[in-house]
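Novice:
Protein chains: 2
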Amino acid sequence: MTSERSAPPTISEVAIEAGVGRSTAARTLGGYGYVSPELRERVLAAADRIGYRANALARSMSTGVSHTIGVIVADLANPFFGGVVRGISDAAHERGSDTVVISTNEHLSEEVAATNVLIDKRVDGIIIASAAVDAASATHIEQARDHGIPVVLVDRAIPGLGLDAVVIDNRAAARGAVERLIAAGHRRIGFVWGPPVPERPRRRREMIDAAARSLWTDGERLQGYLDALDDEGIVFDADLVMVGEKTEAHALQEVGRMLAMTDPPTALFCTETDALTGSLRALREARLRVAADVSLIGFDDSSWATVMEPPLTMIEQPMLALGTRAAEVLFAAVEGQDSRGELHTLDTRLIERESVAPAPRL
Amino acid sequence: MTSERSAPPTISEVAIEAGVGRSTAARTLGGYGYVSPELRERVLAAADRIGYRANALARSMSTGVSHTIGVIVADLANPFFGGVVRGISDAAHERGSDTVVISTNEHLSEEVAATNVLIDKRVDGIIIASAAVDAASATHIEQARDHGIPVVLVDRAIPGLGLDAVVIDNRAAARGAVERLIAAGHRRIGFVWGPPVPERPRRRREMIDAAARSLWTDGERLQGYLDALDDEGIVFDADLVMVGEKTEAHALQEVGRMLAMTDPPTALFCTETDALTGSLRALREARLRVAADVSLIGFDDSSWATVMEPPLTMIEQPMLALGTRAAEVLFAAVEGQDSRGELHTLDTRLIERESVAPAPRL
DNA sequence: CTGTTAGCGCGTTCAG
DNA sequence: CTGAACGCGCTAACAG
Numbered sequence: 001m002t003s004e005r006s007a008p009p010t011i012s013e014v015a016i017e018a019g020v021g022r023s024t025a026a027r028t029l030g031g032y033g034y035v036s037p038e039l040r041e042r043v044l045a046a047a048d049r050i051g052y053r054a055n056a057l058a059r060s061m062s063t064g065v066s067h068t069i070g071v072i073v074a075d076l077a078n079p080f081f082g083g084v085v086r087g088i089s090d091a092a093h094e095r096g097s098d099t100v101v102i103s104t105n106e107h108l109s110e111e112v113a114a115t116n117v118l119i120d121k122r123v124d125g126i127i128i129a130s131a132a133v134d135a136a137s138a139t140h141i142e143q144a145r146d147h148g149i150p151v152v153l154v155d156r157a158i159p160g161l162g163l164d165a166v167v168i169d170n171r172a173a174a175r176g177a178v179e180r181l182i183a184a185g186h187r188r189i190g191f192v193w194g195p196p197v198p199e200r201p202r203r204r205r206e207m208i209d210a211a212a213r214s215l216w217t218d219g220e221r222l223q224g225y226l227d228a229l230d231d232e233g234i235v236f237d238a239d240l241v242m243v244g245e246k247t248e249a250h251a252l253q254e255v256g257r258m259l260a261m262t263d264p265p266t267a268l269f270c271t272e273t274d275a276l277t278g279s280l281r282a283l284r285e286a287r288l289r290v291a292a293d294v295s296l297i298g299f300d301d302s303s304w305a306t307v308m309e310p311p312l313t314m315i316e317q318p319m320l321a322l323g324t325r326a327a328e329v330l331f332a333a334v335e336g337q338d339s340r341g342e343l344h345t346l347d348t349r350l351i352e353r354e355s356v357a358p359a360p361r362l
Numbered sequence: 363m364t365s366e367r368s369a370p371p372t373i374s375e376v377a378i379e380a381g382v383g384r385s386t387a388a389r390t391l392g393g394y395g396y397v398s399p400e401l402r403e404r405v406l407a408a409a410d411r412i413g414y415r416a417n418a419l420a421r422s423m424s425t426g427v428s429h430t431i432g433v434i435v436a437d438l439a440n441p442f443f444g445g446v447v448r449g450i451s452d453a454a455h456e457r458g459s460d461t462v463v464i465s466t467n468e469h470l471s472e473e474v475a476a477t478n479v480l481i482d483k484r485v486d487g488i489i490i491a492s493a494a495v496d497a498a499s500a501t502h503i504e505q506a507r508d509h510g511i512p513v514v515l516v517d518r519a520i521p522g523l524g525l526d527a528v529v530i531d532n533r534a535a536a537r538g539a540v541e542r543l544i545a546a547g548h549r550r551i552g553f554v555w556g557p558p559v560p561e562r563p564r565r566r567r568e569m570i571d572a573a574a575r576s577l578w579t580d581g582e583r584l585q586g587y588l589d590a591l592d593d594e595g596i597v598f599d600a601d602l603v604m605v606g607e608k609t610e611a612h613a614l615q616e617v618g619r620m621l622a623m624t625d626p627p628t629a630l631f632c633t634e635t636d637a638l639t640g641s642l643r644a645l646r647e648a649r650l651r652v653a654a655d656v657s658l659i660g661f662d663d664s665s666w667a668t669v670m671e672p673p674l675t676m677i678e679q680p681m682l683a684l685g686t687r688a689a690e691v692l693f694a695a696v697e698g699q700d701s702r703g704e705l706h707t708l709d710t711r712l713i714e715r716e717s718v719a720p721a722p723r724l
């Protein structure tokens with residue numbers, strides 16, 4: 001109602017309008033130092049009369065804190081990351097900070113660029129679900145720390161780097177799910193979403209290494225799968241793990257291949273949402289029913305798992321909690337508590353529904 | 363490898379390290395003005411020797427542009443908004459800007475606070491899926507404009523405010539879906555996700571107004587539903603529209619109520635994802651099958667709609683495109699083009715699958 | 001308790 | 001083509 005599009009009012013203009021010195025205005029508006037009730041009133045009145053809003057940039061310049069944290073994930077449109085980021089931003093908001101989010105498409109180069117941008121913007125801290133799999137490929141993270149910016153990892157840990165990480169126990173979760181399948185009598189269990197390599201590794205070790213090289217969580221989940229197999233003395237069959245591009249389309253193809261084997265899997269463990277939908281489509285194409293013909297357990301509980309026919313047994317990840325916890329750990333670091341790269345592990349839950357049935361008799 | 367945790371290096375330190383004047387360093391590092399190749403080299407070398415990174419805050423102070431845009435949505439964890447925000451941030455990234463996102467839980471008060479924060483941070487522009495339903499409740503948006511910050515609306519328009527908005531044609535989309543149902547012979551069609559009022563309005567006008575008062579999209583979709591009914595001369599039955607809290611649990615309850623009527627709906631039009639899952643659960647509880655017993659069309663195509671049994675017919679919204687388009691419109695405004703509050707309408711698509719079957723004979 | 005003064009790090013005149 | 005000086009809006013020590 002006042003100005004048209006001139007420069008926003010500054011604290012000096014408020015001071016003039018109120019007829020006081022700059023710093024008196026600054027003190028009341030900035031909420032620090034002492035100022036008499038009368039002047040205080042005058043300043044406040046003047047401020048909103050001319051529509052004053054503090055310039056947070058200028059404030060950050062002086063104080064050195066931006067009240068902004070940075071978040072780097074692979075893809076914000078992925079509901080998992082959407083949930084995590086929401087958790088982070090809620091916790092940040094509670095502490096008076098805002099959140100800038102950058103998606104990297106799982107490319108390390110974009111992650112490095114994103115980190116630099118956040119350093120430039122002088123964010124107070126960074127939370128990152130990194131595509132880096134070892135310390136060697138995480139120099140950009142150390143660079144942030146060199147600039148005095150605390151970093152905490154979320155969803156994915158990076159071994160060897162002394163960094164705090166908030167994660168779930170992927171290995172134990174996977175193991176639990178596969179054990180559930182084995183308990184139902186299954187011995188041929190497909191693993192959907194394996195290492196993204198063109199050539200199928202034949203040896204266990206190679207398989208795990210290949211998976212881990214791509215993504216920390218992938219390696220852990222595959223490990224858990226093997227743990228369960230080992231415990232029950234089931235021999236590992238490399239042909240039962242999906243290999244290649246991690247897309248729904250390719251999962252469809254790989255599961256189709258498995259189903260066509262002479263000794264096909266009677267159960268499937270899907271480590272990701274797209275792996276699950278791909279598997280479901282493969283079953284449909286093969287005219288096989290969930291549970292009745294092939295049992296199934298998925299990762300990342302989604303609302304729709306409930307309304308499927310039959311309802312799907314899933315491993316639930318606490319997405320929001322991963323985010324809020326990561327933010328809490330970050331703020332602790334921002335406030336000076338330097339910690340020794342702990343691994344903060346949150347619980348998962350196997351939600352049993354009806355997609356696991358007893359294995360068919362031989 | 364160099365500093366421990368001292369203050370980040372400034373441009374002056376680079377100048378000293380390179381043995382040149384401050385502004386020579388500033389010119390090469392800032393990429394403006396002329397500087398001899400030799401000195402240029404020296405400066406660059408010195409810069410990365412001491413790990414210099416420009417302070418974007420200081421730069422913004424001088425230039426007045428922050429290379430940051432703000433986004434306000436109801437809930438980032440909602441896959442729809444996740445997609446929209448991803449689209450926005452991709453487009454912004456392409457133009458060298460970053461994105462700070464704030465969730466408001468659909469509360470106007472939080473939206474106002476969020477707007478103020480963004481004004482304070484001097485973002486270059488704001489994109490907002492507003493909870494405001496009319497100009498009177500959107501004063502915070504005008505305030506942003508008063509501060510010279512362009513604003514564009516996404517997903518939801520606000521009538522009466524001369525603001526650019528990037529939306530889909532909700533009314534036409536809803537109408538198309540309902541017409542499809544009518545074409546299949548249905549005449550008793552339930553509308554799931556109606557006005558969130560405790561008391562069920564009996565008159566059409568009241569019903570629409572109640573819906574529109576809560577959310578612009580809700581009003582439009584209900585209008586489209588009525589348009590289709592009118593066209594085919596089907597009488598409106600207030601008992602076929604859900605009323606009350608917009609949650610999956612309540613949808614379950616309301617659809618259960620409809621199904622128990624003496625003249626129950628033979629088809630359901632669900633305007634939201636949670637409305638859809640709620641409806642699906644209600645059908646399951648009533649031991650009714652999708653298509654065979656009750657036809658169904660949903661809004662917001664999701665990957666899982668494909669793997670349901672039967673696959674679901676859905677209205678697809680271009681989430682990413684909504685975002686990228688909104689960002690483009692915003693940047694046009696940032697660069698000075700002032701436009702006259704246009705409505706940018708993107709296309710939706712009715713994806714026909716198998717959840718619509720002919721209505722049962724009477 | 002209030003006003004004055006000096007920076008924060010960078011962009012941008014303006015002389016040399 | 002290079003270096004010195006001033007200002008962006010605010011905080012923070014300092015006198016009065």
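Chains as they are written, first to last, in this note's numbering: chain A, 1 to 362; chain B, 363 to 724. Built from N, CA and C at the ideal position, the CB exists for glycine as well.
Which residue wins for smallest C-alpha separation from B/F693, given the options B/E375, B/S451, B/E379?
Specialist: Residue 693 of chain B sits at position 331 when you count from the first residue of the second sequence. Closest by alpha carbon: B/S451.
Novice: Along the segment 479-501 of chain B, what residues have a CB closer than 9 Å to any CB found in chain A?
Specialist: Of all residues in the segment 479-501 of chain B, V479, L480, I481, D482, K483, R484 have a Cβ within less than 9 Å of some Cβ in chain A.
Novice: By the 7 Å beta-carbon criterion, what residues does the segment 43-56 of chain A contribute toward chain B?
Specialist: Those residues of the segment 43-56 of chain A that come within reach of chain B (Cβ to Cβ, closer than 7 Å) are G51, R53, A54, N55, A56.
Novice: Kindly say whether A/M242, judged by its beta-carbon, lies nearer than 8 Å to any beta-carbon of chain B.
Specialist: Here residue 242 of chain A is taken as the residue at index 242 of the first sequence, counted from 1. No - not a single Cβ of chain B is within 8 Å of the one on A/M242.
Novice: For B/A667, which residues from the same chain have a beta carbon less than 6 Å from its beta carbon, with the 5 sequence-adjacent residues on both sides left out?
Specialist: By 1-based counting over the second sequence, the position of residue 667 of chain B is 305. The answer, listed in chain order, is L674, M676.
Novice: Does the beta carbon of B/A420 sit closer than 8 Å to a beta carbon anywhere in chain A?
Specialist: Taking the second sequence and counting its residues from 1, the one referred to as residue 420 of chain B is at position 58. By this cut-off, B/A420 is an interface position.
Novice: If you follow the beta strand (DSSP E) that B/M620 is part of, which residue opens it and which one closes it?
Specialist: The residue you call residue 620 of chain B lines up with position 258 of the second sequence. Counting along the chain, B/M620 falls outside any beta strand (DSSP E), though it belongs to the alpha helix (DSSP H) covering 610-621.
Novice: Examine chain B for any beta-carbon lying closer than 8 Å to the beta-carbon of A/H250, and answer yes or no.
Specialist: Within the first sequence, the letter at position 250 stands for residue 250 of chain A. With 8 Å as the cut-off, A/H250 does not count as an interface residue toward chain B.
Novice: Is the segment 289-297 of chain A touching the segment 171-188 of chain A, taking contact as three or more C-beta pairs under 8 Å?
Specialist: Yes: the two stretches touch, three or more of their Cβ pairs being nearer than 8 Å.
Novice: So A/V166 is in the beta strand (DSSP E); what residue range does that whole segment cover?
Specialist: In the first sequence, residue 166 of chain A corresponds to position 166, counting from 1. Residues 165-168.
Novice: Under 8 Å Cβ-Cβ, which residues of chain B neighbour A/H147?
Specialist: Indexing the first sequence from 1 puts residue 147 of chain A at position 147. Within 8 Å Cβ-Cβ: P370, G413, R415.
Novice: Hey, quick one: how far does the alpha helix (DSSP H) through A/V35 stretch, first residue to last?
Specialist: Position 35 of the first sequence holds residue 35 of chain A. Run containing A/V35: none; DSSP gives neither H nor E here.
Novice: Would you please state the rounded distance, in angstroms, between the beta carbons of A/A238 and A/L222? I believe it to be under 8 Å.
Specialist: Stepping through the first sequence from its first residue, residue 238 of chain A is reached at position 238. Stepping through the first sequence from its first residue, residue 222 of chain A is reached at position 222. Wrong, their Cβ atoms sit about 11 Å apart, outside the cutoff.
Novice: Is it the case that the Cβ atoms of A/I69 and A/I127 are separated by a distance below 8 Å?
Specialist: Translated into positions along the first sequence, residue 69 of chain A becomes position 69. Translated into positions along the first sequence, residue 127 of chain A becomes position 127. Cβ distance < 8 Å, so A/I69 and A/I127 count as in contact.
Novice: Is it true that the segment 232-247 of chain A meets the segment 182-197 of chain A, where meeting means three or more beta-carbon pairs spaced less than 8 Å apart?
Specialist: Yes, they touch.
Novice: With a cut-off of 8 Å, do at least 3 Cβ pairs link the segment 277-289 of chain A to the segment 254-261 of chain A?
Specialist: Segments in contact, yes.
Novice: Please list, in chain order, the residues of the segment 62-80 of chain A that have any C-beta partner in chain B closer than 8 Å.
Specialist: Those would be S66, T68, D75, L76, A77, N78, P79, in chain order.
Novice: Need the endpoints of the beta strand (DSSP E) that B/F631 sits in, please.
Specialist: For the purposes of this step, residue 631 of chain B is taken as the residue at position 269 of the second sequence. Where B/F631 is concerned, the enclosing beta strand (DSSP E) stretches over 629-632.
Novice: Go through its chain and collect everything with a Cβ distance to B/I810's Cβ below 7 Å, but skip five positions before and after it.
Specialist: The requested residue 810 of chain B does not occur in the structure, where chain B is confined to residues 363 to 724.
Novice: Please state the DSSP three-state secondary structure of A/A357.
Specialist: For the purposes of this step, residue 357 of chain A is taken as the residue at position 357 of the first sequence. In the structure shown, A/A357 sits in coil (DSSP, three-state: anything other than H, G, I, E or B).
Novice: Which of the three DSSP states is assigned to B/H706 in this structure?
Specialist: If you number the second sequence from 1, residue 706 of chain B lands on position 344. In the structure shown, B/H706 sits in a strand (DSSP, three-state: E or B).
Novice: Tell me the residue span of the beta strand (DSSP E) that contains B/M676.
Specialist: Within the second sequence, residue 676 of chain B is the residue found at index 314, counting from 1. B/M676 -> beta strand (DSSP E) spans 675-678.
Novice: So, are the CB atoms of A/G323 and A/V152 less than 8 Å apart?
Specialist: Taking the first residue of the first sequence as 1, we reach residue 323 of chain A at position 323. Taking the first residue of the first sequence as 1, we reach residue 152 of chain A at position 152. No.
Novice: Am I right that B/A439 and B/N467 are in contact with their C-beta atoms under 8 Å? What's the rounded C-beta distance?
Specialist: Mapped onto the second sequence, residue 439 of chain B falls at position 77. Mapped onto the second sequence, residue 467 of chain B falls at position 105. Going by Cβ atoms, the distance from B/A439 to B/N467 rounds to 11 Å, so no, they are not a contact pair.
Novice: Among the residues of its own chain, which have a CB less than 8 Å from the CB of B/V462, if the five just before and after it don't count?
Specialist: Translated into positions along the second sequence, residue 462 of chain B becomes position 100. T430, I431, G432, V433, L480, K483, V485.
Novice: Taking A/V53 as the reference, give the member of B/R421, B/Q505, B/P560 with the closest Cα.
Specialist: On the first sequence, position 53 is the one that residue 53 of chain A refers to. First, the amino acid is wrong: residue 53 of chain A is Arg here, not Val. Cα-wise, what sits closest to A/R53 is B/Q505.
Novice: What are the boundary residues of the alpha helix (DSSP H) that B/T477 is part of?
Specialist: Here the question's residue 477 of chain B lines up with position 115 in the second sequence. It spans 470-482 - the alpha helix (DSSP H) in which B/T477 sits, taken as one unbroken run.
Novice: A/L280 versus chain B: which residues are under 7 Å apart at the beta carbon?
Specialist: Here the question's residue 280 of chain A lines up with position 280 in the first sequence. Within chain B, the residues near A/L280 are V669.
Novice: Taking C-alpha atoms, which residue in A/I50, A/T24, A/A165, A/R42 lies nearest to A/P363?
Specialist: Nothing about residue 363 of chain A can be read from this structure; chain A reaches only from 1 to 362.
Novice: By the criterion of Cβ-Cβ separation under 7 Å, what are the contact partners of B/V617 in chain A?
Specialist: Indexing the second sequence from 1 puts residue 617 of chain B at position 255. Residues of chain A passing the Cβ test: none, with the nearest at roughly 12 Å.
Novice: Just the C-alpha distance for A/M207 and A/P195, rounded to the nearest angstrom, thanks.
Specialist: Translated into the one-based positions of the first sequence, residue 207 of chain A becomes position 207. Translated into the one-based positions of the first sequence, residue 195 of chain A becomes position 195. Looking at the two C-alpha atoms, the distance is approximately 7 Å.
Novice: Would you give the residue range spanned by the alpha helix (DSSP H) that A/F331 belongs to?
Specialist: For the purposes of this step, residue 331 of chain A is identified with residue 331 of the first sequence, where counting begins at 1. Taken as a continuous stretch (DSSP letters only), the alpha helix (DSSP H) holding A/F331 covers 319-334.
Novice: Rank B/A719, B/R564, B/A590, B/L645 by C-alpha distance to the C-alpha of B/V603 and give the top, closest one.
Specialist: By 1-based counting over the second sequence, the position of residue 603 of chain B is 241. With distances taken between Cα atoms, B/V603 lies closest to B/R564.
Novice: For B/R448, return the contacting residues in chain A, with the cut-off set at a CB-CB distance below 8 Å.
Specialist: As a first step, residue 448 of chain B is located in the second sequence; it is residue number 86 there, counting from the start. Those are D75, L76, A77, S103, listed as they occur along chain A.
Novice: Go to A/D231, then tell me how far its alpha helix (DSSP H) extends in each direction, as first and last residue.
Specialist: Reading the first sequence from its first residue, position 231 is the one you call residue 231 of chain A. Counting along the chain, the alpha helix (DSSP H) containing A/D231 begins and ends at 216-231.
Novice: In angstroms with no decimal places, state the Cα-to-Cα distance between A/E41 and A/Y32.
Specialist: Position 41 of the first sequence, counting from 1, holds the residue named residue 41 of chain A. Position 32 of the first sequence, counting from 1, holds the residue named residue 32 of chain A. Cα to Cα, A/E41 sits roughly 15 Å from A/Y32.
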